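Residue numbers (our numbering): -5 to 109. Glycine residues also receive a C-beta, built at the ideal position from the N, C-alpha and C atoms. Only a predicted model underlies this, so the values are computations on that prediction, with no experimental measurement involved.
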């Protein structure tokens, strides 16, 4: 499985961005896809997750009500819509796919929120 993340950038606080993660390769039997983020000097943390077929979602408390994860199975793509962005959302965002107990990671996309 190969993952290509895109959509990061610089935005002012209160603004919005939409991240995309396109999956290719042997995507059959992907269980779920997630977005993680890692800020400088901090551990990587789970932001949101979605099951590939059922579309069941879960969010970190810090982003609930502001971020929305979704997927388009026809395009093999998962999105993270980020609204009401805060400076503390600044991080490199990574997508991850889990397939039969194996994790696959994308390359990361930088999100910077200015105050």
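Write down the C-beta distance between residue i and residue j rounded to the nearest angstrom, noting that I regard them as a contact closer than 8 Å.
{"i": "residue 23", "j": "residue 94", "result": "6 Å"}
{"i": "residue -3", "j": "residue 29", "result": "Contact flag wrong, Cβ pair sits at about 11 Å."}
{"i": "residue 32", "j": "residue 86", "result": "5 Å"}
Please state the DSSP three-state secondary structure of residue i.
{"i": "residue -2", "result": "strand"}
{"i": "residue 109", "result": "coil"}
{"i": "residue 101", "result": "coil"}
{"i": "residue 50", "result": "coil"}
{"i": "residue 94", "result": "coil"}
Between which two residues does the beta strand (DSSP E) holding residue i run?
{"i": "residue 41", "result": "39 to 45"}
- Item | In chain order, each beta strand (DSSP E) run of at least 3 residues that lies wholly inside the segment 53 to 87 | Listed in chain order, the complete beta strand (DSSP E) runs (minimum 3 residues) inside the segment 53 to 87 are 61 to 66 and 71 to 76.
- Going along the chain, which unbroken runs of the beta strand (DSSP E) with 3 or more residues stay wholly within the segment 0 to 32? Entirely contained in the segment 0 to 32, the beta strand (DSSP E) runs reaching 3 residues are, in chain order, 3 to 6, 11 to 18 and 24 to 32.
- Per the contact definition of three or more C-beta pairs closer than 8 Å, is the segment 4 to 11 in contact with the segment 61 to 73? Contact between the segment 61 to 73 and the segment 4 to 11 is absent: fewer than three C-beta pairs spanning the two stretches fall below 8 Å.
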